[in-house]
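These notes are about the structure you will find just below.
Residue numbers (the UniProt record's numbering): 1 to 729.
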């Protein structure tokens with residue numbers, strides 16, 4: 001596979017930085033202090049270096065997808081455009097979280113990764129449901145090896161709980177990403193990159209861990225050639241997890257099995273087939289949280305271990321995915337790729353929601369609303385594209401073009417029941433022993449089929465040696481049929497980006513990206529509202545050092561969202577009982593981001609990200625429950641004098657948040673979560689070549705905070721630890 005990109009050789013480091021940029025101070029200081037030899041190499045470029053500035057790099061697929069095994073950064077990515085580019089050449093903000101960081105920071109689920117990703121804010125609504133936001137907007141674009149999946153913001157199919165043991169890395173592209181993902185929100189997109197069978201000899205890793213609240217976890221990851229030549233290879237990842245929680249009576253088990261076969265059909269053609277199964281079962285899960293106030297208006301202060309769930313509550317999820325991809329590299333540098341997946345995911349629950357506010361003395365006054373629910377999400381999707389170089393006006397450029405199709409069937413059903421004040425009893429001494437309610441009949445919440453048919457293309461034009469222009473567009477035919485109505489929308493999503501190489505280390509970029517999201521709300525005349533649109537304007541600086549092992553990005557952005565639905569007062573659709581809506585201008589988010597990520601030296605890896613934005617809608621505020629300022633830091637250092645020992649840690653900090661909630665007196669009251677830091681530490685000792693022992697501590701100072709605060713409150717996790725032993729072969 002060929003790609004038109006910058007030279008990533010050692011000559012990149014032999015250049016003079018003729019201008020000083022404020023954003024570079026941290027990176028340059030770390031670089032100079034910890035790697036003086038390389039700093040000393042920053043002399044004037046040689047004539048050979050100058051002659052190589054027009055170099056066209058040719059790399060194999062393995063070269064493109066690989067980085068040093070223990071790095072926090074990757075050298076190339078398909079993120080954002082599906083063209084194989086260095087992160088510095090993509091005119092959008094990117095964050096990469098690699099499998100090495102999964103291990104160091106003990107990030108065991110997709111949710112753990114997003115909790116610690118630059119620019120991403122987490123909303124933990126209860127013990128099983130979570131939502132993630134970037135730049136003020138909820139993230140709804142999730143892809144698996146670049147194949148989109150629509151994730152529900154109402155029902156939990158276990159997406160955030162998926163185990164990272166099966167992934168090589170997770171990529172986050174901030175801003176609108178409609179060119180590659182189709183419909184979605186303008187905040188960000190998240191792509192999970194699966195592991196593959198890339199070893200021609202038997203290798204593997206076995207890990208056992210134990211932690212707080214009797215958490216036990218066992219994972220096996222084994223690769224092996226399946227024929228003598230190693231042209232057919234297999235990999236299996238399997239795991240089991242069993243744990244309690246800081247919440248009383250809560251218990252959860254999780255198991256997963258992942259298998260993939262990779263075959264070199266010819267020297268230029270590869271075939272991959274895989275299966276992914278994940279299941280979780282939770283006893284005593286929460287729905288909502290603890291009352292924020294007592295009935296007299298005073299604030300409650302329950303113990304963090306108080307679990308509002310009843311003993312009969314449960315939550316289970318089941319996910320089965322089959323995937324395949326074929327890729328072929330042509331002799332002229334072009335490549336062709338087909339990805340396909342079939343997924344079936346289900347959930348089944350029985351839950352209790354605590355309503356109203358208890359008396360401060362007697363604990364009386366709360367009622368319960370019970371719901372048992374089941375749902376199924378079925379997805380078939382295929383994506384095929386070709387990419388490669390072409391010549392125009394005496395220069396070499398890059399082109400990608402493809403088509404995709406997806407069909408997703410979502411069906412959910414519920415049955416309700418209630419518990420009165422007497423049945424709930426004294427909530428101040430709640431122990432979950434309330435009886436199960438009498439359930440009503442099952443009814444349908446939704447039964448919809450959503451289809452997307454798309455064609456997309458993008459080209460990277462080399463306008464001059466230091467200047468590249470990326471232009472692209474996606475045409476999407478989106479439709480839904482079922483209980484939400486029959487809606488059909490067509491949309492063209494444009495993309496434009498410009499990257500200018502200031503020197504061999506720094507680039508400046510600017511981009512315009514967009515996205516859309518059809519909606520099924522109707523106005524009072526019965527017409528469906530136009531799709532919500534998002535436009536992302538972004539400009540910034542990017543840099544890389546050490547052959548791409550360390551990168552930095554500074555971005556300034558503005559996102560404009562239009563056509564967001566707003567309830568039309570007391571008006572209904574054509575005199576029916578369906579609430580009418582109208583389109584509003586939506587919200588505007590503007591801010592700045594900074595991230596440095598990767599190998600500062602061979603011994604020191606670090607990631608540091610900071611975000612500041614202001615988001616406002618027509619009422620002057622937007623998603624106030626999300627922090628508008630945050631930073632996240634994590635480092636790993638291998639001691640030169642004792643190379644068996646690696647230590648590290650970090651801190652996540654976020655600014656104050658608030659929500660307006662209805663209190664016991666029926667009046668709206670603003671409730672605040674003050675700013676807070678969460679610190680964590682880790683250490684790993686390499687006993688010998690095969691055996692390593694690792695310890696992690698999260699929330700080191702046992703900070704008490706709310707992960708959700710409105711008329712009910714959800715506490716975040718207290719201090720917790722884990723110890724693991726791994727055996728590699």
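Don't be surprised by glycine CBs; every beta carbon is placed ideally from N, CA and C.
CB contact flag (residue i, residue j, <8 Å)
i	j	result
residue 80	residue 94	yes
residue 341	residue 381	yes
residue 174	residue 188	yes
residue 465	residue 505	no
residue 158	residue 317	yes
residue 365	residue 421	yes
residue 448	residue 406	no
residue 628	residue 710	no
residue 680	residue 650	yes
residue 145	residue 193	yes
residue 425	residue 370	no
residue 307	residue 248	yes
residue 291	residue 336	no
residue 533	residue 510	no
residue 163	residue 108	yes
residue 537	residue 521	no
residue 128	residue 315	yes
residue 597	residue 551	yes
residue 334	residue 387	yes
residue 648	residue 106	no
Spatial distance of residue i from residue j (CA atoms)
i	j	result
residue 399	residue 693	47 Å
residue 202	residue 230	10 Å
residue 626	residue 706	12 Å
residue 71	residue 701	28 Å
residue 119	residue 592	10 Å
residue 53	residue 461	In this prediction, residue 53 has a pLDDT of 39, which is less than 50 and means its spatial position is unreliable; nothing more can be read from the coordinates.
residue 582	residue 530	10 Å
residue 324	residue 722	36 Å
residue 580	residue 444	21 Å
residue 497	residue 402	19 Å
residue 613	residue 431	42 Å
residue 48	residue 503	Low confidence applies to residue 48: its pLDDT is 35, below 50, so where it sits in the model is not reliable, and the reading given next is rough at best. Going by the C-alpha atoms only, they are around 16 Å apart.
residue 339	residue 452	16 Å
residue 200	residue 330	24 Å
residue 288	residue 130	11 Å
Minimum C-alpha distance to residue i - residue among the options
i	options	result
residue 620	632, 588, 608 and 633	588
residue 237	249, 228, 218 and 243	218
residue 126	494, 346 and 351	351
residue 235	260, 527 and 482	260
residue 372	534, 213 and 440	440
residue 156	582, 410, 655 and 598	410
residue 165	256, 609 and 296	256
residue 491	497, 468, 477 and 499	477
residue 606	85, 117 and 89	117
residue 547	245, 599 and 102	599
residue 677	683, 698 and 688	698
residue 419	361, 454, 481 and 355	355
residue 254	242, 262 and 265	242
residue 726	204, 96 and 196	204
residue 459	84, 73 and 662	84
residue 246	295, 211 and 385	211
Short CB-CB distance (under 8 Å) between residue i and chain B
i	result
residue 175	Annotation note: the requested chain B is absent from the structure, which comprises a single protein chain.
Residue environment, residue i, which counts as buried when at least 16 other CB atoms sit within 10 Å
i	result
residue 644	exposed
residue 433	exposed
residue 40	For residue 40, the predicted model reports a pLDDT of 38, less than 50, meaning its position is unreliable; a value from the coordinates is still stated below. Exposed, by the Cβ-count rule.
residue 438	exposed
residue 642	exposed
residue 585	exposed
residue 391	exposed
residue 442	exposed
residue 519	buried
residue 18	The predicted position of residue 18 is uncertain, since its pLDDT is 30 and thus under 50; no value can be drawn from it.
residue 687	exposed
| request: May I have a chain-ordered list of the alpha helix (DSSP H) segments no shorter than 4 residues that lie completely inside the stretch 422 to 471? | output: none
| Every unbroken beta strand (DSSP E) inside the stretch 615 to 702 [3 residues or more] | 629 to 638, 645 to 654, 657 to 662, 668 to 673, 676 to 686 and 691 to 698
| message | Ignoring anything shorter than 3 residues, give me the beta strand (DSSP E) runs that lie fully in the stretch 372 to 420, in order along the chain. | response | 395 to 419
| request: Write down every uninterrupted run of the beta strand (DSSP E) in the stretch 556 to 621 whose length is 3 residues or greater and which is fully enclosed by it, in chain order. | output: 564 to 572, 579 to 584, 587 to 599 and 604 to 617
| said: What ranges does the beta strand (DSSP E) occupy inside the stretch 181 to 247, keeping only unbroken runs of at least 3 residues that lie completely in it? | reply: 188 to 194, 203 to 211, 215 to 225 and 232 to 243
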